[in-house]
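Residue numbers (the working numbering): 1 to 352. Quick notes on the structure that follows.
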């Protein structure tokens, strides 16, 4: 997360630099792209994904890693639990059901694969319980798939609203989630549909999916699915997220007009730069006005979560129901002579 340079070293001694493509703070998982010099063989052996539904308590599992920087290491154990609530000490990860194993997971094993006897990935090693020997935790494959689905989503790669996520199931892809009222939902796609082709090209993995659905200038993609014993081809028109999820959505639901507070904008207004979203106008008798919000404040978090972008802000607000309360974390400045005094607070606003 804070690395300035990333290197990937293979068991055969080959070593390459890598770039971070995406990072999921909630699960502490990242996607890296290996930089291979031209002319070198860029074929790497891939790992197969196991199925979350196939995990059995007591089955033999193997943890791979690089403990203490000593080199490649393998440890063996059993799967002790599929839904362990791990203690959260310093960092809060949004993972509810951890895998527990007694396979040795030492410092340096974190991030390594947890595999079954078929060599299939069933989890990502994370930590060992400090107060107990033989108690290690891993992120389950279902959560790994969820993060990968986000990494390879059109929204993440191209800023295009599709509204569905895929997961790998065997040698094929399946829709794991379809957002209500999204382009995917309006086109008729459903959770559980098996994806066969995109734009008449076979897709069996995340990379192929991303290449076909995001790698072309076409905004309408034709997705061939298998459902209920028959094949269907569904055209889906992707929309630019910034045209759907923007400040107008926030104004409509909260009654405030906001702008992204950039360094340049802060300097123009004579403000300190905090990041976040500057409130430029508050509609009279709106939910924000009744909550006591005034223009000039800066919104930094929603319900304690930092805002990634204006699109993410609008998406969050649009996903809520009328009457729901949303807590906004605000900072504002009060000028006292030549000095600016910073203040902060939390305000709850009702969605209209």
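Beta carbons: idealized from backbone N, C-alpha and C, even for Gly.
Check	Outcome
Nearest residue (CA-CA) to residue 45, options 53, 51 and 10	10
Run of the alpha helix (DSSP H) containing residue 273, from where it starts to where it stops	Note, residue 273: premise wrong, no alpha helix (DSSP H); not H, not E.
DSSP state of residue 293 mapped onto helix, strand, coil	coil
Chain-order list of residues whose beta-carbon lies under 6 Å from that of residue 30 (same chain, five-residue window excluded)	20 and 23
Cβ-Cβ separation, residue 317 to residue 249 (assumed contact under 8 Å), whole Å	6 Å
Buried/exposed call for residue 70, threshold 16 Cβ in 10 Å	exposed
In DSSP terms, what residue 113 is bridged to	124
Euclidean distance between Cα positions of residue 272 and residue 61	53 Å
Residue 345 - DSSP class collapsed to helix/strand/coil	strand
C-alpha distance - residue 297 paired with residue 237, whole-angstrom precision	37 Å
Cβ-based neighbour list, residue 205, same chain, cut-off 7 Å, excluding 5 preceding and 5 following	168
Contact between the stretch 274 to 281 and the stretch 296 to 315 (3+ Cβ pairs under 8 Å)	yes
Distance, residue 103 Cα to residue 68 Cα	16 Å
Cβ-Cβ distance between residue 347 and residue 330 below 8 Å	yes
8 Å Cβ cutoff, residue 15 in contact with chain B	The chain inventory of the structure shown lacks chain B, comprising one protein chain alone.
Endpoints, the beta strand (DSSP E) within which residue 162 is located	Counting along the chain, residue 162 falls outside any beta strand (DSSP E), and DSSP gives it neither H nor E.
Range of the contiguous beta strand (DSSP E) that encloses residue 17	15 to 24
Euclidean distance between Cα positions of residue 125 and residue 140	9 Å
Exposure of residue 57, with buried meaning 16 or more beta-carbon neighbours within 10 Å	exposed
Own chain residues within Cβ distance below 6 Å of residue 286, not counting five before or after	255
Minimum length 3: unbroken beta strand (DSSP E) runs contained in the stretch 201 to 275	220 to 227, 230 to 237 and 256 to 260
Exposed unless 16 or more other CB atoms sit within 10 angstroms - verdict on residue 230	exposed
CB contact flag (residue 328, residue 260, <8 Å)	no
C-beta contact flag for residue 176 and residue 161 at 8 Å	no
Assigned exposure category for residue 334 - 16 Cβ within 10 Å defines buried	exposed
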